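As they're listed, the protein sequences go chains A and P.
Numbered by the numbering used here, the letters in the first sequence go through residues 1 to 454 in order.
Numbered by the numbering used here, the letters in the second sequence go through residues 455 to 571 in order.
Using N, Cα and C, we set each Cβ at its ideal position, and we do this for glycine too.
Every value quoted in this text rests on a predicted model; they were computed, and no experiment measured them.
In what follows, a structure is listed as structure tokens, so that the remarks can point back to it.
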Amino acid sequence: MIRIANGQGFWGDSVDAPVRLVREGPLDYLTLDYLAEVTMSIMQKLKRRDPEGRSGYATDFVDLTRRILPDILEKNIRVVANAGGVNPGACVKAVAAVAREGGARGLKVGMVLGDDILDRLDAILSEGVTLANMDDGRPLSEVRDRVLAANVYMSAFPIAAALDLGASIVVTGRGTDPGLVVGPLLHEFKWQKDDWNRLASATVAGHIVECGAQCTGGNFSRWWEVNGWDHLGYPVVEAVPDGNFVVTKHEGTGGLVTVDTVSEQLVYEMGDPSSYITPDVVADFTSIQLQQAGNDRVAVSGVKGRPATDSCKVSISYLDGYSAVGQLTVSGPDALDKAKVAAEALWGRLKRAGLSYDQTHTEFVGAGACHGRIGRSGPASAAPLEIVMRVGVKDKDQKKVDRFGKEIAPLVTSGPPGITGFAGGRPRAAEVIAFWPALIPKDLVRADVRVEEV
Amino acid sequence: MKKMRLYRMAHARSGDKGDGSNVGLIAYDDRGWEIIRREVTAEKVKSHFAGIVLGQVDRYEVGNIRALNFILHDSLGGGGSASLRTDAQGKTHGMALLLMEVDVPDDYTPAAGAERG
């Protein structure tokens, strides 16, 4: 039986969770998912601005390696992280330096390359691959000159190959999130490329744990049943060679692992449940059987898979103008009425100054900003004591967006009474990064696996 | 028949999905599953989210976990990173669906513990 834990659901998740995972219970593998779609383009920008080429990866991972190195060496825990971002080479270099400082000479660090196709984009287009938008079919040429990053969601087999070569730490760029768990299982159990049911089961395991605490009590509808929020356990998968597994967490940690908490994570970001597509398999989520198998233990079995498709998904991001958002807090009495007057004043003043925007947005947080009239149809609530007026604009013109940011503070002294909360300064125009999902034939994708001793 | 809000018989989770969001709705017991399967149609979800969901609503059944999965197209005010909304990722759409009221048989009592005691 192999124990795999995921200690990071996104770049910005708890910095202590992975440390606790290696210290508070038994473990064979620690996985760390740092990459959201938007992360890749942020990293691409950092990399471009750094003349020495040392940026463009999840630096948190280097700090984490320093903290957990003694534990992973002593307990022989292997680590798989997509911390490489758009510069896995620089990430591995930094990790290797930390390992050397920590006295881990001879430790093998692996790297999976091949996902970053930004430099090959025009060559790929010239081969007749349109990289058309999966949602609406538009050709990439419409936004080609604004593309910031282009990364293929890679197979999990290269991760297994790095582990086969003896790597104790594997750093990747973009891969599928579940692949971080699938890779170690492929390495341990030597499954074949057409073991569709086992590959599907491993994919389901990876999907359940990829958002960290979201399967162990975090974000759970019946939140009042969750105890120990201050030491919430992150998920641990106990997998066996036939593909079945148990989802659990370390003993003594907070949180909750039940059929209900796991079910909620199964449906998270779900599309067609019968076809969860990865580069390695098409998993059928309607085949999954869940069973409570003890306290904080859920057994998962019966998962069916079908042959993989002949393409990989590519995540392309491009610059889509600028936006700024600002807010003020309006106190009672008549907080909502006053907030509405303040918002009308703001938009009226901008109009008089000759400004219009591609998109504007006004919200009254505390009066249905999230649920609109649905919220008001729920159990009756008293008039709010405060309302947050939240306003934003989006436009191609950066200067116009910056000008909007200067129109918020004046409302404190030139609007209705009782307005406060202008503490963060004027909001500045920020780049809006939009996504372009596309497909690429697998024969145009080549993984490059390297392992070296530190 | 009597009226009952979904949060008494089901739980939910939501997140972003392309230009929209997905909401998974999971019944607590077999009768609850029969009820949500019959009552919570794509059309009803679309009208429940009027003003929030601008596109169509797709509906899938995931009977093995007594769940329905809804894809709410064009429901984020511009989609993910381009949205100006507080909830740019549809994280709160699950809670919003649980506020829906549906018809249930008079003798239906949901599994214990569904509501906060």
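Leaving out the 5 sequence neighbours to the left and right, which residues in its chain are closer than 6 Å to residue i when beta-carbon positions are compared?
i, result
"G106(A)", "E453"
"A36(A)", "F10"
"V341(A)", "P416"
"R516(A)", "Any question about residue 516(A) goes unanswered here, given that chain A covers just 1 to 454."
"A299(A)", "V246, Q291 and A293"
"V445(A)", "V152 and C312"
"L460(P)", "L552 and M554"
"S537(P)", "L530 and G531"
"M458(P)", "V558"
Within 7 Å (strictly less), CB to CB, does residue i reach chain P?
i, result
"P273(A)", "yes"
"D456(A)", "The structure shown does not extend to residue 456(A), since chain A spans only 1 to 454, so no value can be given for it."
"C215(A)", "no"
"D320(A)", "yes"
"H250(A)", "no"
"T39(A)", "no"
"A434(A)", "yes"
"H361(A)", "yes"
"V95(A)", "no"
"W224(A)", "yes"
Using DSSP with H/G/I as helix, E/B as strand and the rest coil, what is residue i?
i, result
"E453(A)", "strand"
"V143(A)", "coil"
"M154(A)", "strand"
"W487(P)", "helix"
"I72(A)", "helix"
"V511(P)", "strand"
"I440(A)", "strand"
"E52(A)", "coil"
"P235(A)", "strand"
"E24(A)", "coil"
"H502(P)", "helix"
"M554(P)", "coil"
"G395(A)", "Rather than Gly, the amino acid found at residue 395(A) in this sequence is Asp. In the structure shown, D395(A) sits in a strand (DSSP, three-state: E or B)."
"M1(A)", "coil"
"F435(A)", "strand"
"G418(A)", "coil"
"N197(A)", "helix"
"N518(P)", "helix"
Residues in its own chain within less than 8 Å of residue i by CB, not counting five upstream and five downstream?
i, result
"P88(A)", "Y57, M111, V112, L113, V171, T172 and G173"
"K442(A)", "P279, D310, S311 and C312"
"L385(A)", "S331, G332 and A335"
"W487(P)", "A481, G517 and R520"
Counting only the same chain and skipping the five closest in sequence on each side, list residues whose C-beta sits under 7 Å from that of residue i.
i, result
"G255(A)", "A213, T216, G217, V226, G228, L232, G233 and K249"
"G368(A)", "G375 and R376"
"E238(A)", "M1, R3, F245, V246 and T248"
"A167(A)", "K108, V109, G110 and V451"
"D195(A)", "none"
"E210(A)", "N6, G9, D33, D177 and P178"
"T448(A)", "Sequence inspection shows Asp at residue 448(A); the Thr mentioned does not correspond to that position. Contacts found: L113 and G114."
"A308(A)", "P279, D280, V281 and V282"
Mind checking if residue i is an interface residue toward chain A, Cβ cutoff 7 Å exclusive?
i, result
"D560(P)", "no"
"T540(P)", "yes"
"R467(P)", "yes"
"L460(P)", "no"
"R570(P)", "yes"
"H472(P)", "This sequence places Gly at residue 472(P); His is not what is there. Output row for G472(P): interface = yes."
"G486(P)", "no"
"A521(P)", "yes"
Check whether the Cβ of residue i sits closer than 6 Å to any heavy atom of the ligand COA, and report yes or no.
i, result
"V393(A)", "With respect to the ligand COA, the structure shown offers nothing to examine, as it has no ligands at all."
Using beta carbons (cut-off 7 Å, strictly below), is residue i in contact with chain D?
i, result
"T563(P)", "Absent from the structure: chain D. Protein chains present are A and P."
Next item on the list: Return the residues of the stretch 490 to 517 of chain P that lie within a Cβ-Cβ distance of less than 9 Å from chain A, sorted by chain order.
Entry: H502, F503, A504, G505, I506, D512, Y514, E515, V516 and G517
Next item on the list: Check whether the stretch 329 to 340 of chain A touches the stretch 509 to 529 of chain P, taking contact to mean three or more Cβ pairs, one atom from each stretch, closer than 8 Å.
Entry: When C-beta atoms of the stretch 329 to 340 of chain A are compared with those of the stretch 509 to 529 of chain P, fewer than three pairs fall below 8 Å, so the two segments do not count as touching.
Checklist line | Residues of the stretch 523 to 536 of chain P whose Cβ lies closer than 8 Å to any Cβ of chain A, in chain order | finding: N523, I525, G531, G532, G533, G534, S535 and A536
Check: Any residues in the stretch 365 to 378 of chain A with a beta carbon nearer than 9 Å to a beta carbon of chain P? Which ones, in chain order?
Finding: V365, A369, C370, H371, G372, R373, I374, G375, S377 and G378
Next item on the list: For the stretch 140 to 158 of chain A and the stretch 483 to 499 of chain P, state whether three or more C-beta atom pairs, one from each stretch, are separated by less than 8 Å.
Entry: no
Margin query: Quick test of the definition: if touching needs 3 or more C-beta pairs under 8 Å, does the stretch 386 to 396 of chain A touch the stretch 359 to 372 of chain A?
Written below: Short answer: they touch.
Notebook entry, point to check: Between the stretch 535 to 551 of chain P and the stretch 462 to 479 of chain P, do three or more beta carbon pairs fall short of 8 Å?
Noted result: Cβ pair count under 8 Å is three or more, so yes.
Notebook entry, point to check: Can you find at least 3 beta carbon pairs, one from the stretch 257 to 272 of chain A and one from the stretch 134 to 147 of chain A, that sit closer than 8 Å?
Noted result: The count of Cβ pairs closer than 8 Å, one atom from the stretch 257 to 272 of chain A and one from the stretch 134 to 147 of chain A, stays below three, leaving the stretches out of contact.
Check: Going along the stretch 174 to 189 of chain A in order, which residues come within less than 7 Å of chain P, judged by CB to CB distance?
Finding: none
Notebook entry, point to check: When the Cβ atoms of the stretch 425 to 438 of chain A are set against those of the stretch 91 to 100 of chain A, are three or more pairs found closer than 8 Å?
Noted result: no
Notebook entry, point to check: Counting Cβ pairs closer than 8 Å, one from the stretch 183 to 195 of chain A and one from the stretch 264 to 278 of chain A, do we hit at least three?
Noted result: Judged by Cβ distances under 8 Å, the stretch 183 to 195 of chain A makes no contact with the stretch 264 to 278 of chain A, as fewer than three pairs qualify.
Item checked: Stretch-stretch touch, CB-based, cutoff 8 Å, three pairs: the stretch 520 to 530 of chain P with the stretch 478 to 485 of chain P -> Touching, yes.
Check: Is there contact between the stretch 70 to 90 of chain A and the stretch 24 to 40 of chain A, where contact requires at least three CB pairs shorter than 8 Å?
Finding: Yes: the two stretches touch, three or more of their Cβ pairs being nearer than 8 Å.
Margin query: Tell me which residues of the stretch 540 to 555 of chain P have at least one Cβ-Cβ distance to chain A shorter than 9 Å, keeping chain order.
Written below: T540, D541, K545, T546, H547, G548, M549, A550, L551, L552, L553, M554 and E555
Next item on the list: Evaluate contact between the stretch 15 to 23 of chain A and the stretch 395 to 408 of chain A, counting only Cβ atoms and requiring at least three cross-stretch pairs below 8 Å.
Entry: Taking 8 Å as the limit for Cβ pairs, the verdict is that the stretch 395 to 408 of chain A does not touch the stretch 15 to 23 of chain A.
Notebook entry, point to check: Residues in the stretch 283 to 310 of chain A with C-beta within 9 Å of chain P's C-beta atoms, listed in sequence order?
Noted result: Flagged, chain order: F285, T286, S287, I288, Q289, L290 and G302.
Notebook entry, point to check: For the stretch 391 to 402 of chain A, which residues have a CB atom closer than 8 Å to at least one CB atom of chain P, in sequence order?
Noted result: G392, V393 and K394
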